[in-house]
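Visitor:
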Amino acid sequence: MAAPLLAIQLEPGPFQPLLAMEQWQAQVQERMGHLPAAESSFVGRVRPHTGAGEPLAALELEHYPGMTEAQLHHLAAEAANRRAVAAVLVRHRVGRVRPGEPIVLVAVAADRRGPAQRCCQELLEALKHEAPFWKREWRADGSGLWLAGNTPL
Amino acid sequence: MAAPLLAIQLEPGPFQPLLAMEQWQAQVQERMGHLPAAESSFVGRVRPHTGAGEPLAALELEHYPGMTEAQLHHLAAEAANRRAVAAVLVRHRVGRVRPGEPIVLVAVAADRRGPAQRCCQELLEALKHEAPFWKREWRADGSGLWLAGNTPL
Amino acid sequence: MGHTPELRVLLFAALRERAGWQERLLAAPAGATPAAVWRQLGLEPNEPDASIRVAINQQFASWDSPLRAGDELAFLPPISGG
Amino acid sequence: MGHTPELRVLLFAALRERAGWQERLLAAPAGATPAAVWRQLGLEPNEPDASIRVAINQQFASWDSPLRAGDELAFLPPISGG
Chain A
2 MAAPLLAIQL EPGPFQPLLA MEQWQAQVQE RMGHLPAAES SFVGRVRPHT
52 GAGEPLAALE LEHYPGMTEA QLHHLAAEAA NRRAVAAVLV RHRVGRVRPG
102 EPIVLVAVAA DRRGPAQRCC QELLEALKHE APFWKREWRA DGSGLWLAGN
152 TPL
Chain B
2 MAAPLLAIQL EPGPFQPLLA MEQWQAQVQE RMGHLPAAES SFVGRVRPHT
52 GAGEPLAALE LEHYPGMTEA QLHHLAAEAA NRRAVAAVLV RHRVGRVRPG
102 EPIVLVAVAA DRRGPAQRCC QELLEALKHE APFWKREWRA DGSGLWLAGN
152 TPL
Chain C
655 MGHTPELRVL LFAALRERAG WQERLLAAPA GATPAAVWRQ LGLEPNEPDA
705 SIRVAINQQF ASWDSPLRAG DELAFLPPIS GG
Chain D
655 MGHTPELRVL LFAALRERAG WQERLLAAPA GATPAAVWRQ LGLEPNEPDA
705 SIRVAINQQF ASWDSPLRAG DELAFLPPIS GG
C-alpha cells in the first residue's frame, strides 16, 4: 500500500471546514484516481461559554512554531499507519478564535468504515493531548485564563 | 433540552455530501442560534469492485417506500436520544449508484465530541442493519447479484 | 371465528425476483399469521430462514403476529443498507 | 568534564507569563539536564509538577536528558489542543 496522503495545516485565521474537505478530496482523487469507500470526519468549534460557565469573548490558541507542525505530522502518520488508512486531513486554528468558529478539523479516508472512524477518533485524542497547543479563555471583562487540560470526552 | 433536529432524506440521484452538510449546518444554526461544539460525520461511497473482486458497473439500491423513511427517522431519533445530541443529518441514496458516488451520509452535532462520535457510528450501524435497503451488484456483463449482508466493519 | 382478512402482500429484492411477483392482494383464513401466509403463497424456502424478516403496516413484526383485515404484510430479505 | 553548553530556553503560555519571559540564551554547567536548567533559572514551582513537559530540539524529552551545546530547550505547560 502507498504511504498515506497527509494534509496537515495550521490556520492563522478563520477557516471553512467544508471547503478544506473539498480541497482535500480533490487531492485524494488526484493522487488515488478515486475516493475511498469510507470517510470519517470531525469538526470542533469554540463553545460560547468558559469552562466555568461564563460568557466567552474568545479563545486564544498558542502553539510552538515548528514543533507543533512536526508533531501533528508525526501523530497523523502514526495514526494512519496503525489503521491502514489512505489519507488524513488536519486543520488546526492558532491565534484568537471566536465562539462558534472552528478550531479543529480531522478527516480520514479509508477503504473500510472501521479504520476510518477509529483513526479519526484516535488522531483527535492524540492531538488534543500530544500536540503543543495551549488555550486561553478570554472573558468580556478582558481577563484571561490559561486552561490546564481538555474538555472531557 | 429541545428535541433533536432530525434531517432525513432519501436521494434518488447523485448528491453532494458537503453541500448537504452545508445546508444542514444552516438549519442547525437557524434553529439553535449557534453551531454545537462537536460535529462528527461519515460518508460512504461505492467501491469500484464487487465483494468477489470483479469490476463493478453499478450498485442498485432498492428500498421500501414509506417504511424506509419512517425507519430512518425512528433509528435517528433513537440514536439521538440515547446520546443527547442536538442534530442529526442522514442522506441515503436509492436507485442506481456508480462506483465512487456517495451512498450514505450521516452527520451528528452535539455539545461534546464523545456523544457526537458515538451517535454517528451507532446510527450508521443501525441503518445498515435495520433500515430496509437492499443492494444489488451489477457487473459489466449485465449480470446482477443481490447482497445478503453488509461489508464488515 | 374471526372474519377473513384481506391482505396486501409485498415482496422485495431477491425475494421478489425469486417469486416472480412484487405485490398480491389475498384473502387469508381467520387467525392467519405471516408464517401461515408465507406457506399459503408457496414462497420458498418452505420454512423461511431467520434472515428473512416480516413487516406489518411498515413496522417490523414477528412471524406469528395476528393479521387483520387491511394489513400490509411485507417479507424482507436480508437488509444491506449504508 | 564536558564543555559548557549554550542553550536556547523557551517558555510557553502560562509558564511564560508566570516567569515574565519567553526566551533566554544561557550557559549551563557541563552535564546539565532540563531539571537542572529549570532550577538554575529559578522557575516555579521549584520541583516542577508532572504536568509540565520538556522538549529538546522540538521533540519531547525527559527531565534528565543530557543537554548539548546549541540545543533548544522548551518547557511546556499542560497541553490543551483540539
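Residue numbers (the working numbering), protein chains in the order written: chain A, 2 to 154; chain B, 2 to 154; chain C, 655 to 736; chain D, 655 to 736. Virtual Cβ for every residue (Gly too), placed ideally from N, Cα, C.
(1) Could you please give the first and the last residue of the uninterrupted alpha helix (DSSP H) stretch that includes Arg670/C?
(2) Helix, strand or coil, according to DSSP, for Pro56/B in the structure here?
(3) Tell me which same chain residues have a C-beta within less than 8 angstroms of the C-beta of Thr687/C, skipping the five on either side of it?
(4) Counting Cβ pairs closer than 8 angstroms, one from the region 37-56 of chain B and one from the region 106-121 of chain B, do we hit at least three?
(5) So is Trp135/B in contact with chain C if we call contact Cβ pairs under 8 angstroms?
(6) Within the continuous alpha helix (DSSP H) that includes Arg32/A, where are the two ends?
(7) Determine the DSSP secondary structure at Met655/D, reduced to helix, strand or coil.
(8) Do Gly736/D and Glu660/D have their CB atoms nearer than 8 angstroms?
(9) For Glu671/C and Ala27/A, I'd like the C-alpha separation in whole angstroms.
(10) Going along chain B, which residues have a C-beta under 7 angstroms from Pro732/C?
(11) So, at 8 angstroms on beta carbons, what are the nonlocal neighbours of Leu76/A in its own chain, with the 5 sequence-adjacent residues on each side left out?
(12) I need the DSSP call for Pro103/A, collapsed to helix, strand or coil.
(13) So with CB distances below 8 angstroms, who are the chain D contacts of Met68/A?
(14) Consult DSSP for Ala117/A and reduce its assignment to one of helix, strand or coil.
(15) Determine whether the Cβ of His130/A lies closer than 8 angstroms to any Cβ atom of chain D.
(16) Within 10 Å of its beta-carbon, does Met655/D have 16 or more other beta-carbons around it, so buried, or fewer, so exposed?
(17) So Arg32/B packs on Leu7/B, CB below 8 angstroms; how close in whole Å?
(18) Please determine, among Phe714/D, Leu665/D and Ala684/D, the residue with the shortest C-alpha to C-alpha distance to Gly696/D.
(19) Out of Thr658/D, Leu730/D, Ser734/D and Asn711/D, state which residue places its alpha-carbon closest to the alpha-carbon of Ala684/D.
(20) Please identify the residue among Pro732/D, Ala667/D and Arg662/D whose C-alpha is closest to the C-alpha of Asp703/D.
(21) Quick one: grab the DSSP three-state call for Arg693/D.
(22) From the DSSP secondary-structure annotation, give me the bridge partner or partners of Glu79/B.
(23) Report the start-end ranges of each beta strand (DSSP E) in the region 696-720 of chain D that is 3 residues or longer and not cut off at the edges.
(24) Keeping to the same chain, check which residues put their C-beta closer than 8 angstroms to that of Glu79/A; ignore five residues upstream and five downstream.
(25) Compare the C-beta of Gly724/D against all C-beta atoms of chain A and say whether one is closer than 8 angstroms.
(26) Please identify the residue among Ala4/A, Leu148/A and Val95/A whose C-alpha is closest to the C-alpha of Phe16/A.
(27) Would you call the CB atoms of Ser734/D and Asn151/A closer than 8 angstroms?
(28) Residues bridged to Lys136/B by DSSP?
(29) By the DSSP assignment, the beta strand (DSSP E) with Leu727/D in it spans what residues?
(30) With a threshold of 8 angstroms on Cβ separation, who are the neighbours of Leu57/B within its own chain once the five nearest residues in sequence on each side are excluded?
(31) I need the DSSP call for Arg84/A, collapsed to helix, strand or coil.
(32) For the beta strand (DSSP E) that contains Arg48/B, what are its first and last residues?
(33) Helix or strand or just coil, what does DSSP make of Gln10/B?
(34) Pull up the distance between the alpha-carbon of Gln10/A and that of Pro103/A, whole angstroms please.
(35) Whose Cβ in chain B lies nearer than 8 angstroms to the Cβ of Leu62/A?
Guide: The answer reads as follows:
(1) Numbered from 1 along the third sequence, position 16 holds the residue referred to as residue 670/C. Where Arg670/C is concerned, the enclosing alpha helix (DSSP H) stretches over Ala667 to Ala673.
(2) Here residue 56/B is taken as the residue at index 55 of the second sequence, counted from 1. In the three-state scheme derived from DSSP, where H, G and I count as helix and E and B as strand, Pro56/B is classed as strand.
(3) Taking the third sequence and counting its residues from 1, the one referred to as residue 687/C is at position 33. For Thr687/C, where only same-chain residues beyond five positions count, the Cβ hits under 8 angstroms are Trp717, Asp718, Ser719, Pro720 and Leu721.
(4) yes
(5) For the purposes of this step, residue 135/B is taken as the residue at position 134 of the second sequence. Output row for Trp135/B: interface = yes.
(6) In the first sequence, counting from the first residue as 1, residue 32/A sits at position 31. Pro18 to Met33 is the span of the alpha helix (DSSP H), which, as asked, contains Arg32/A.
(7) Residue 655/D sits at position 1 when you count from the first residue of the fourth sequence. Its pLDDT being 46, under 50, Met655/D is placed unreliably in this model, and the value from its coordinates should be taken loosely. Met655/D: coil per DSSP, three-state reduction.
(8) In the fourth sequence, the residue the question calls residue 736/D occupies position 82. In the fourth sequence, the residue the question calls residue 660/D occupies position 6. Against a cut-off of 8 angstroms, the Cβ pair of Glu660/D and Gly736/D comes out as no contact.
(9) The count along the third sequence starts at 1 and reaches residue 671/C at position 17. The count along the first sequence starts at 1 and reaches residue 27/A at position 26. Taking the straight line from one Cα to the other gives about 40 angstroms.
(10) Locating residue 732/C in the third sequence gives position 78, counting from the first residue. In chain order: Ala149 and Gly150.
(11) The residue given as residue 76/A occupies position 75 in the first sequence. For Leu76/A, where only same-chain residues beyond five positions count, the Cβ hits under 8 angstroms are Leu124, Ala127, Leu128, Glu131 and Ala132.
(12) Taking the first residue of the first sequence as 1, we reach residue 103/A at position 102. Reduced to three states, the DSSP call for Pro103/A is strand.
(13) Taking the first residue of the first sequence as 1, we reach residue 68/A at position 67. Those within 8 angstroms of Met68/A in chain D are Ala709, Gln712, Gln713 and Ala728.
(14) As a working mapping, residue 117/A is identified with position 116 in the first sequence. Correct three-state label for Ala117/A: helix.
(15) Looking up residue 130/A in the first sequence gives position 129. Yes, because at least one Cβ of chain D sits closer than 8 angstroms to the Cβ of His130/A.
(16) Here the question's residue 655/D lines up with position 1 in the fourth sequence. Here Met655/D scores only 46 on pLDDT, less than 50, and its place in the model is too uncertain to base an answer on.
(17) Position 31 of the second sequence, counting from 1, holds the residue named residue 32/B. Position 6 of the second sequence, counting from 1, holds the residue named residue 7/B. Their Cβ separation, rounded to whole angstroms, is 11 angstroms, which puts Arg32/B and Leu7/B out of contact at 8 angstroms.
(18) Here residue 696/D refers to the residue found at position 42 of the fourth sequence. Nearest of Phe714/D, Leu665/D and Ala684/D to Gly696/D, Cα basis: Leu665/D.
(19) The residue labelled residue 684/D in the question sits at position 30 within the fourth sequence. Ala684/D has its Cα closest to that of Thr658/D, out of Thr658/D, Leu730/D, Ser734/D and Asn711/D.
(20) The residue labelled residue 703/D in the question sits at position 49 within the fourth sequence. Of the listed residues, the one whose Cα sits closest to Asp703/D is Pro732/D.
(21) As a position in the fourth sequence, residue 693/D is number 39, starting the count at 1. It is helical.
(22) Position 78 of the second sequence, counted from the first residue, corresponds to residue 79/B. In DSSP, Glu79/B forms no bridge with anything.
(23) Runs of the beta strand (DSSP E) lying entirely within the region 696-720 of chain D and spanning at least 3 residues, in chain order: 707-710 and 713-715.
(24) Taking the first sequence and counting its residues from 1, the one referred to as residue 79/A is at position 78. The answer, listed in chain order, is Ala127.
(25) Counting from 1 along the fourth sequence, the entry for residue 724/D is found at position 70. Chain A contact via Cβ: absent.
(26) On the first sequence, residue 16/A is found 15 positions in, with the first residue counted as 1. Of all alpha-carbon atoms in Ala4/A, Leu148/A and Val95/A, the one lying nearest the alpha-carbon of Phe16/A is that of Val95/A.
(27) As a working note, residue 734/D is residue 80 in the fourth sequence. As a working note, residue 151/A is residue 150 in the first sequence. Contact flag set, yes.
(28) On the second sequence, residue 136/B is found 135 positions in, with the first residue counted as 1. Bridge partners of Lys136/B: Leu62/B.
(29) Counted from its first residue, the fourth sequence places residue 727/D at position 73. Looking at the DSSP string, the run of the beta strand (DSSP E) that includes Leu727/D is Glu726 to Leu730.
(30) Here residue 57/B refers to the residue found at position 56 when the second sequence is read from its first residue. Its chain contains Val47, Arg48, Pro49, His50, Thr51, Pro100, Glu138, Trp139 and Arg140 as the residues whose beta carbon lies nearer than 8 angstroms to that of Leu57/B, once the 5 sequence neighbours on both sides are disregarded; these appear in chain order.
(31) In the first sequence, residue 84/A corresponds to position 83, counting from 1. DSSP places Arg84/A in helix when its eight states are reduced to three.
(32) Stepping through the second sequence from its first residue, residue 48/B is reached at position 47. Unbroken run through Arg48/B: none, as it is neither H nor E.
(33) To locate residue 10/B, count along the second sequence from 1; it is residue 9. Reduced to three states, the DSSP call for Gln10/B is strand.
(34) Locating residue 10/A in the first sequence gives position 9, counting from the first residue. Locating residue 103/A in the first sequence gives position 102, counting from the first residue. Looking at the backbone, the Cα of Gln10/A and that of Pro103/A are separated by about 14 angstroms.
(35) As a working mapping, residue 62/A is identified with position 61 in the first sequence. Listed by position along chain B, the residues whose Cβ is nearer than 8 angstroms to that of Leu62/A form an empty set, because the closest Cβ is around 15 angstroms away.
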